[in-house]
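If you're matching positions, the sequence shown starts at 1 in the numbering used here and goes up one per residue.
Note that the Cβ used here is the ideal one computed from N, Cα and C, for glycine as well.
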Amino acid sequence: MPGKSPSYAEAYRSNEFWVQIEGQDWKVDKVSGLSEGTSGVIEIYDPKTNGAFKISSGVVKFDTLVLEKKIRGTPEDIKFYNWFASTYNADTGGMPGIEGTFSSQKSGKNFNIYKLHFGKKVLSWIITGAWIKSLKYNDLEGGAENTFNMTIEIEHQGISRKAHFDGSNTPK
Numbered sequence: 001m002p003g004k005s006p007s008y009a010e011a012y013r014s015n016e017f018w019v020q021i022e023g024q025d026w027k028v029d030k031v032s033g034l035s036e037g038t039s040g041v042i043e044i045y046d047p048k049t050n051g052a053f054k055i056s057s058g059v060v061k062f063d064t065l066v067l068e069k070k071i072r073g074t075p076e077d078i079k080f081y082n083w084f085a086s087t088y089n090a091d092t093g094g095m096p097g098i099e100g101t102f103s104s105q106k107s108g109k110n111f112n113i114y115k116l117h118f119g120k121k122v123l124s125w126i127i128t129g130a131w132i133k134s135l136k137y138n139d140l141e142g143g144a145e146n147t148f149n150m151t152i153e154i155e156h157q158g159i160s161r162k163a164h165f166d167g168s169n170t171p172k
């Protein structure tokens, strides 16, 4: 019926978000791999009944977070490279034995991903002990009509979610 509001709450859109690493805003265009974690499963077989039962292993694993960003030639573009370089000592090729070579603990960062709804914070994820596993660029191709992008794969020690709404679809 025209002019009548739906009887259900409007869904949040996925296009309003920002990433804040160590208290600074970092510009990214896409975040994927957000997950509360996955529990391992152990299958136990009962030879008497020939049945299988599943129980939790008690181990929670976290998915790799993937951030994508368009290269714009700004200082923002260098932040991820510097983080990557501090993890792997990129200036020396990451050679073993050299001070500063791979250290996920030393270069680990804590950061937040904020989900907005019409400019108001509705959800946030707190990621702890994050480090860059991989930093890649898209293919270069003559005649292509694509933007030049960076893909950053991030491993981490944990993720927790905080709701910033009261259950009525209204931000706090």
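Pull up the DSSP beta-bridge partners for residue i, would you.
i	result
G33	For G33, which the question treats as bridged, DSSP gives no partner whatsoever.
L116	K121
V66	S32, E153
V19	W26, I113
Leaving out five residues on either side along the sequence, give the residues of the same chain with a beta carbon under 7 angstroms from the beta carbon of residue i.
i	result
P96	Residue confidence for P96 is low, a pLDDT of 45 falling below 50, so the modelled location carries little weight and cannot support an answer.
S134	E153
I21	K109, F111
Identify the continuous beta strand (DSSP E) that holds residue i and give its terminal residues.
i	result
T74	Where T74 is concerned, there is no enclosing beta strand (DSSP E), given that its DSSP letter is neither H nor E.
T38	38-46
Does the beta-carbon of residue i, which I'm using as the reference point, lie nearer than 7 angstroms to any heavy atom of the ligand PLP?
i	result
T87	Within the structure as shown, the ligand PLP is missing, as the structure has no ligands at all.
Under 6 angstroms Cβ to Cβ from residue i, same chain only, skipping five residues before and after it: list those, please.
i	result
K70	D29, T147, N149
N15	none
K4	none
E10	none
Can you check which of these residues, the options, is closest to residue i by C-alpha distance?
i	options	result
G108	A85, S32, V59, F118	A85
S39	D77, K79, V60	V60
L67	R161, Y137, K120, A144	Y137
When you compare the CB positions of residue i and residue j, do they come within less than 8 angstroms of one another, or not?
i	j	result
W176	Y114	The requested residue 176 is not part of the displayed model; the chain covers only 1 to 172.
Y8	H117	no
I127	H164	no
E36	I132	no
G23	D63	no
By Cβ distance, which residues of its chain are closer than 8 angstroms to residue i, with the 5 residues on each side in sequence left out?
i	result
V122	Y12, K115, L116, A163, H164, F165, P171
V41	K54, I55, S56, S57
S124	N112, I113, Y114, K115, R161, K162, H164
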